[in-house]
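Some notes on the structure that comes next.
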Amino acid sequence: MTAPGHTERLVLPGVLTAEQAARTVDGILAVQRDDGAIPWFRGHHLDPWDHTEAAMALDAAGEHRRAEAAYHWLARHQLADGSWYAAYADGAADAPTDRARESNFCAYVAVGSWHHYLSTGDDTFLDRMWPTVHAAIEFVLTLQQPGGQIGWKRDSPETGGAHHPEALLTGCSSIYQALRCAMAIAEQRGEPQPDWELAAGLLGHAIRRHPERFLDKSRYSMDWYYPVLGGALTGPAATERIEEGWERFVVPGLGVRCVVPNPWVTGGESAELALALWAAGQSERAVDILRWIGHLRSENGMYWTGYVYEDGAVWPEEQTSWTAAALLLAVAALGGDEATTEVFGGGRLPRGLEPDCC
């Protein structure tokens, strides 16, 4: 059981005490399997993105050995082309439940690996994960379009691996963060990757200047805040983006809608928005959001996925590892955890080479 003293960095008045943080960390640890896999919850599937987010939360809590086990799971189960399947049955990595390979799912290993390195200073870990990160980024960049945006997936290799060139703003914003973390890893190892620098610059430019290059998913709150969370929008542009969507998505006292007009607030989106607010210099608002979603907290320290406020009902009735992880990472950023602030603040991450025109 996690000792409350190990989670003092995750204390935030009105959001988490040390004891509450310890219970949340224990909740994620209870979901993690002996082989390092972290499914949504026991009996549900694992996807590589949420698995990585949960590992990052464990590092923020000082559970470095368990976080490393999660990254080794990814290294062991990476496909020959550098990708992972979109979903794996709990406890059965050889039994994927969704054989598509989603670009943002595959890229996120770079964010997690850099976060773990910053948390531990473990050069041996970075050496071991470098082939995994390199192969994953190379796979993702096979899906980049001439305009910089990155197609959202390839189909299963067993069915021909068709490429879906349509790009998702949320996914591409996450990939932008991953490319910058991957470049930081490359620099740390003394192995610069100029192609990645060009790719990141083109992608960041597309996110900032060309919304028409992405599918219209503006009903979803993630498309609203992810350009800020992923670091493509900063400064006044980030502030403008936040203000533009605030009234549409934020439900005061309850959290953030997942999708409009549905009367449904979700813990994961709310915690991620808090991270984006912190990155945009709006820490007071971030703390407010995290306090509001206290109504989603269960006695066991985990968080319900969402709440339908018109019906006064928790829905779906599940407590996901990634919802708890997102909240812990937001608290860690607000508390000044160095690795978390570096990865989500992005001030020292490489930015890539943005095109001069277009």
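Just so we're aligned: 85 in my numbering is position 85 of the sequence shown, and the numbers increase by one with no gaps anywhere. Using N, Cα and C, we set each Cβ at its ideal position, and we do this for glycine too.
Mapping the DSSP letters down to three states, classify residue i as helix, strand or coil.
i: Gln78; result: coil
i: Tyr117; result: helix
i: Ala167; result: strand
i: Thr323; result: helix
i: Glu102; result: strand
i: Val15; result: coil
i: Gln145; result: coil
i: Pro96; result: strand
i: Ala313; result: strand
Where does the unbroken beta strand (DSSP E) through residue i begin, and where does it stop?
i: Arg154; result: Gly151 to Arg154
i: Gly352; result: Counting along the chain, Gly352 falls outside any beta strand (DSSP E), and DSSP gives it neither H nor E.
i: Ile265; result: Reading the sequence as shown, one finds Val at residue 265 and not Ile. Where Val265 is concerned, the enclosing beta strand (DSSP E) stretches over Trp264 to Thr266.
i: Gly306; result: Gly306 to Val308
Going straight from the alpha carbon of residue i to that of residue j, what length do you get?
i: Leu16; j: Gln145; result: 43 Å
i: Asp90; j: Ser103; result: 21 Å
i: Ala366; j: Val308; result: In this structure the chain extends from 1 to 358, so residue 366 is not present and cannot be described.
i: Glu197; j: Glu138; result: 12 Å
i: Arg351; j: Ile207; result: 13 Å
i: Glu284; j: Glu8; result: 20 Å
i: Ala21; j: Arg297; result: 11 Å
i: Ser218; j: Thr132; result: 33 Å
i: Cys106; j: His295; result: 33 Å
i: Ile293; j: Glu53; result: 19 Å
i: Ala339; j: Pro13; result: 21 Å
i: Ala18; j: Thr2; result: 10 Å
i: Asp98; j: Pro48; result: 12 Å
i: Glu269; j: Asp122; result: 31 Å
i: Leu141; j: Ala279; result: 26 Å
i: Pro355; j: Tyr226; result: 22 Å
i: Ser367; j: Pro261; result: Lying outside 1 to 358, the shown extent of the chain, residue 367 is not represented and no answer is given.
i: Leu277; j: Trp304; result: 22 Å
i: Gly82; j: Asp311; result: 44 Å
i: Arg66; j: Thr239; result: 36 Å
i: Glu68; j: His116; result: 8 Å
i: Leu202; j: Gln149; result: 8 Å
i: Trp130; j: Val250; result: 39 Å
i: Glu369; j: Ala237; result: The shown model of the chain, from 1 to 358, leaves out residue 369, and the question about it has no answer.
i: Pro194; j: Ala30; result: 41 Å
May I ask which residues mark the beginning and end of the alpha helix (DSSP H) holding residue i?
i: Arg128; result: Asp123 to Leu141
i: Arg285; result: Ser283 to Trp292
i: Ala89; result: Per DSSP, Ala89 belongs to no alpha helix (DSSP H); it is in the beta strand (DSSP E), Ala87 to Ala89.
i: Val367; result: This structure does not reach residue 367, given that the chain is present from 1 up to 358, and the question cannot be answered.
Could you tell me whether any non-hydrogen atom of the ligand NAD is closer than 6 Å to the CB of residue i?
i: Ala67; result: As far as ligands go, the structure on display features none, and thus does not contain the ligand NAD.
### Query
Should the stretch 242 to 257 be called in touch with the stretch 183 to 195, which here means at least 3 C-beta pairs below 8 Å?
no
### Query
What are the complete alpha helix (DSSP H) segments, minimum 4 residues, inside the stretch 24 to 83?
48 to 60 and 64 to 77
### Task
Take every Cβ of the stretch 65 to 75, pair it with every Cβ of the stretch 33 to 53, and state whether three or more of those distances are shorter than 8 Å.
yes
### Task
Any chance you could list the alpha helix (DSSP H) runs of at least 4 consecutive residues sitting entirely within the stretch 176 to 260, in chain order?
194 to 209, 221 to 229 and 235 to 249
### Task
Take every Cβ of the stretch 154 to 165, pair it with every Cβ of the stretch 210 to 223, and state whether three or more of those distances are shorter than 8 Å.
no
### Task
Examine the Cβ distances between the stretch 10 to 29 and the stretch 319 to 331 and report whether three or more of them are shorter than 8 Å.
yes
### Message
Is it the case that the stretch 330 to 339 contacts the stretch 164 to 172, given that we only count it when at least three CB pairs across the two stretches are under 8 Å?
### Response
no
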